[in-house]
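Colleague: This structure is in structure tokens; I'll ask about it shortly.
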Amino acid sequence: MTPTMRAAHLTGLRELRIGRVPVPEPKPGEILVQIEACGVCATDSRKYEIGVNDGHYPFNPGHEWLGRVTALGAGVTGFRLDDRVYGDTYGGYADYAAIPVTPIDWSRGPMLVPKGLDRRRAIFIEPLADCIHAVRDQARLLPGQRLVVIAAGVMGLKIVADARRLGCRVLVVEPLAERQAMARRFGAELALPPDGWAAAARDWAGPDGIDAVILTIGNPDLVMPAVQVLAPGGRLVLFAGFGNRPMATLDLNDIHYREIAIIGSEWIGTPPNQRRHRYDEALEMLLDPNVPFEALVTGSCGFATLEAALVARQGYGGLKIMFEPGEDA
Numbered sequence: 660m661t662p663t664m665r666a667a668h669l670t671g672l673r674e675l676r677i678g679r680v681p682v683p684e685p686k687p688g689e690i691l692v693q694i695e696a697c698g699v700c701a702t703d704s705r706k707y708e709i710g711v712n713d714g715h716y717p718f719n720p721g722h723e724w725l726g727r728v729t730a731l732g733a734g735v736t737g738f739r740l741d742d743r744v745y746g747d748t749y750g751g752y753a754d755y756a757a758i759p760v761t762p763i764d765w766s767r768g769p770m771l772v773p774k775g776l777d778r779r780r781a782i783f784i785e786p787l788a789d790c791i792h793a794v795r796d797q798a799r800l801l802p803g804q805r806l807v808v809i810a811a812g813v814m815g816l817k818i819v820a821d822a823r824r825l826g827c828r829v830l831v832v833e834p835l836a837e838r839q840a841m842a843r844r845f846g847a848e849l850a851l852p853p854d855g856w857a858a859a860a861r862d863w864a865g866p867d868g869i870d871a872v873i874l875t876i877g878n879p880d881l882v883m884p885a886v887q888v889l890a891p892g893g894r895l896v897l898f899a900g901f902g903n904r905p906m907a908t909l910d911l912n913d914i915h916y917r918e919i920a921i922i923g924s925e926w927i928g929t930p931p932n933q934r935r936h937r938y939d940e941a942l943e944m945l946l947d948p949n950v951p952f953e954a955l956v957t958g959s960c961g962f963a964t965l966e967a968a969l970v971a972r973q974g975y976g977g978l979k980i981m982f983e984p985g986e987d988a
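For the sequence shown, the numbering used here gives the first residue as 660, with consecutive numbering after it.
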């Protein structure tokens with residue numbers, strides 16, 4: 660009899676089905692991994708709410724997963740049974756997932772993870788790599804420069820942490836007092852509510868001005884204020900998608916005469932421009948106990964509560980929800 664496993668699949672708009680499917684058989688060049696945990700990402704929630712991009716259902720959106728190697732496909736080298744690995748391919752909301760060991764398109768490929776690393780930290784390898792890409796490659800920040808991060812959600816906080824590691828000064832704009840406090844824990848010099856933030860940020864930056872703003876929420880109304888607060892030659896990084904509100908009002912003369920750059924930031928670079936080494940840097944950073952990454956996990960779910968987690972993630976007052984298949988085994 661073919662062994663089966665539990666898996667969660669989106670089957671349509673706001674439809675999630677939990678069922679049993681065959682355990683994948685690793686193909687040549689693949690490894691089979693028993694899932695330990697998977698981060699519930701904002702993009703997973705967005706796919707639940709507004710649909711899968713290409714309309715291809717059923718679809719398992721989990722892509723921040725951690726687990727143990729249980730089988731090796733033909734020709735696999737560099738991995739052994741019982742290795743702990745991190746994977747970034749879709750399929751993480753399941754008991755098992757198969758992943759090619761060679762990087763492909765939107766995947767860095769599996770990477771070895773120390774067995775002693777807390778899962779509440781390890782699930783952040785891919786999203787932290789994204790944040791490092793935003794700080795280093797897109798905002799092009801240098802030590803001593805001044806950065807404003809708009810919104811201290813789970814991604815904004817990791818951006819703060821990496822910018823501080825680089826040696827930047829960081830100001831955070833965030834309406835929730837508890838997230839302002841968290842931003843300070845992650846290294847923000849100042850955390851302000853939205854009212855009057857632009858004037859306060861200019862005062863904070865001093866005569867040299869603000870070198871970069873990273874916008875971590877998809878609100879087009881914030882784009883022009885972010886441009887206006889930048890020093891000449893400053894960079895605005897759009898780190899979030901804008902969903903069904905993709906249009907913003909801009910003063911093109913201001914952008915032209917002050918040489919402002921508006922830059923997107925997606926994953927570790929849109930293929931073929933991926934910077935896969937950012938994953939290795941992310942793991943190194945997660946091994947540093949001085950940054951409280953585990954504090955970002957403020958909830959957990961299993962199969963039975965995954966759909967509720969996807970719904971809650973859209974207006975979640977906490978930070979990160981972690982899926983654990985063993986929670987309702």
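Every residue gets a Cβ at the ideal spot worked out from N, C-alpha and C, and that includes glycine.
Let me check understanding here. Comparing Cα to Cα, which of D913, C697, T670 and H915 lies closest to M981?
Modeller: As a position in the sequence shown, residue 981 is number 322, starting the count at 1. It is C697 whose Cα lies nearest to the Cα of M981.
Colleague: Taking DSSP as the reference, what is the three-state secondary structure of M664?
Modeller: The residue given as residue 664 occupies position 5 in the sequence shown. The answer is strand: DSSP assigns M664 an E or B state.
Colleague: Could you please give me the residues that DSSP links to E953 through a beta bridge?
Modeller: Residue mapping note: residue 953 aligns to position 294 of the sequence shown, counting from 1. Answer is none; E953 lacks a bridge partner.
Colleague: For A701, which residues from the same chain have a beta carbon less than 6 Å from its beta carbon, with the 5 sequence-adjacent residues on both sides left out?
Modeller: Here residue 701 corresponds to residue number 42 of the sequence shown, with the count starting at 1. Excluding sequence neighbours, A701 sits near nothing in its chain.
Colleague: Quick one: grab the DSSP three-state call for M883.
Modeller: On the sequence shown, position 224 is the one that residue 883 refers to. It is helical.
Colleague: What is the residue span of the alpha helix (DSSP H) that G815 lies within?
Modeller: Numbered from 1 along the sequence shown, position 156 holds the residue referred to as residue 815. Where G815 is concerned, the enclosing alpha helix (DSSP H) stretches over V813 to L825.
Colleague: In the structure shown, what three-state DSSP assignment does I694 receive?
Modeller: One-based indexing of the sequence shown puts residue 694 at position 35. If DSSP states are grouped into helix, strand and coil, I694 belongs with the strands.
Colleague: Is it buried or exposed for M660, if we count other Cβ within 10 angstroms and need 16 for buried?
Modeller: Taking the first residue of the sequence shown as 1, we reach residue 660 at position 1. Its Cβ having fewer than 16 others within 10 Å, M660 is exposed.
Colleague: Distance, Cα to Cα, K706 vs P866?
Modeller: Locating residue 706 in the sequence shown gives position 47, where the first residue counts as 1. Locating residue 866 in the sequence shown gives position 207, where the first residue counts as 1. So the alpha carbons of these two residues sit roughly 43 Å apart.
Colleague: Under the assumption that F952 contacts M814 (Cβ atoms under 8 Å), give the Cβ distance between them as a whole number of angstroms.
Modeller: In the sequence shown, counting from the first residue as 1, residue 952 sits at position 293. In the sequence shown, counting from the first residue as 1, residue 814 sits at position 155. Rounded, the Cβ-Cβ distance is 12 Å, inconsistent with contact.
Colleague: Is there contact here, the segment 815–829 with the segment 880–893, by at least three beta-carbon pairs under 8 Å?
Modeller: Taking 8 Å as the limit for Cβ pairs, the verdict is that the segment 880–893 does not touch the segment 815–829.
Colleague: Excluding five sequence neighbours on each side, which residues of the same chain lie with their C-beta closer than 7 Å to the C-beta of L669?
Modeller: Translated into the one-based positions of the sequence shown, residue 669 becomes position 10. Excluding residues within five positions, the ones whose Cβ falls inside 7 Å are L675, K706, Y707, V711, Y716, P717, F718 and P720.
Colleague: From D754, A666, R739 and I784, pick the residue whose C-alpha is nearest to that of D947; which is it?
Modeller: Taking the first residue of the sequence shown as 1, we reach residue 947 at position 288. The residue with the shortest Cα to Cα distance from D947 is I784.
Colleague: Could you tell me how far apart the beta carbons of D821 and I791 are, in whole angstroms, since I believe they sit closer than 8 Å?
Modeller: Position 162 of the sequence shown, counted from the start, is the residue given in the question as residue 821. Position 132 of the sequence shown, counted from the start, is the residue given in the question as residue 791. About 5 Å; that satisfies the 8 Å criterion.
Colleague: Looking only at its own chain, which residues have a Cβ that is under 7 Å from the Cβ of R972, when we skip the five neighbours before and after it?
Modeller: Numbered from 1 along the sequence shown, position 313 holds the residue referred to as residue 972. For R972, where only same-chain residues beyond five positions count, the Cβ hits under 7 Å are V699, A701, S704 and I980.
Colleague: Label I709 either buried or exposed according to how many other C-beta atoms from any shown protein chain fall within 10 Å of its C-beta, with 16 as the threshold for buried.
Modeller: Locating residue 709 in the sequence shown gives position 50, counting from the first residue. That one is exposed.
Colleague: According to DSSP, is T875 helix, strand or coil?
Modeller: The sequence position of residue 875 within the sequence shown is 216, counting from 1. Of the three classes helix, strand and coil, the one that applies to T875 here is coil, per DSSP.
Colleague: Looking at the secondary structure, which residues open and close the alpha helix (DSSP H) in which E943 lies?
Modeller: As a working note, residue 943 is residue 284 in the sequence shown. Segment H936 to L945, the alpha helix (DSSP H) holding E943.
Colleague: Considering just the uninterrupted stretch of the alpha helix (DSSP H) at A840, what are its terminal residues?
Modeller: Stepping through the sequence shown from its first residue, residue 840 is reached at position 181. A840 -> alpha helix (DSSP H) spans A836 to R844.
Colleague: In whole angstroms, what is the alpha-carbon distance linking N932 and A885?
Modeller: On the sequence shown, residue 932 is found 273 positions in, with the first residue counted as 1. On the sequence shown, residue 885 is found 226 positions in, with the first residue counted as 1. When rounded, the distance between both Cα atoms is 26 Å.
Colleague: In the structure shown, what three-state DSSP assignment does D713 receive?
Modeller: On the sequence shown, position 54 is the one that residue 713 refers to. Looking at D713 - three-state DSSP - the assignment turns out to be coil, as it is neither helix nor strand.
Colleague: Is it buried or exposed for I763, if we count other Cβ within 10 angstroms and need 16 for buried?
Modeller: In the sequence shown, the residue the question calls residue 763 occupies position 104. By the 10 Å Cβ count, I763 comes out exposed.
Colleague: Judging by CA-CA distance, which residue of G732, P773 and Y749 is the nearest neighbour of D742?
Modeller: Along the sequence shown, read from residue 1 onward, the residue named residue 742 stands at position 83. Out of G732, P773 and Y749, P773 has the C-alpha closest to the C-alpha of D742.
Colleague: Hey, P843 and A850: beta-carbon distance below 8 Å or not?
Modeller: Counting from 1 along the sequence shown, the entry for residue 843 is found at position 184. Counting from 1 along the sequence shown, the entry for residue 850 is found at position 191. In the sequence on display, residue 843 carries Arg and not Pro. In contact: R843 and A850 (Cβ atoms closer than 8 Å).
Colleague: Based on the DSSP output, what are the partners of S766 in its beta bridges?
Modeller: Within the sequence shown, numbered from 1, the residue matching residue 766 stands at position 107. Answer is I763.
Colleague: Rounded to a whole number of angstroms, what is the C-alpha to C-alpha distance between P687 and W856?
Modeller: Within the sequence shown, residue 687 is the residue found at index 28, counting from 1. Within the sequence shown, residue 856 is the residue found at index 197, counting from 1. Approximately 54 Å, taken between the alpha carbons.
Colleague: What residue range is occupied by the uninterrupted beta strand (DSSP E) comprising E674?
Modeller: By one-based count along the sequence shown, residue 674 stands at place 15. From DSSP, the beta strand (DSSP E) with E674 extends over E674 to P681.
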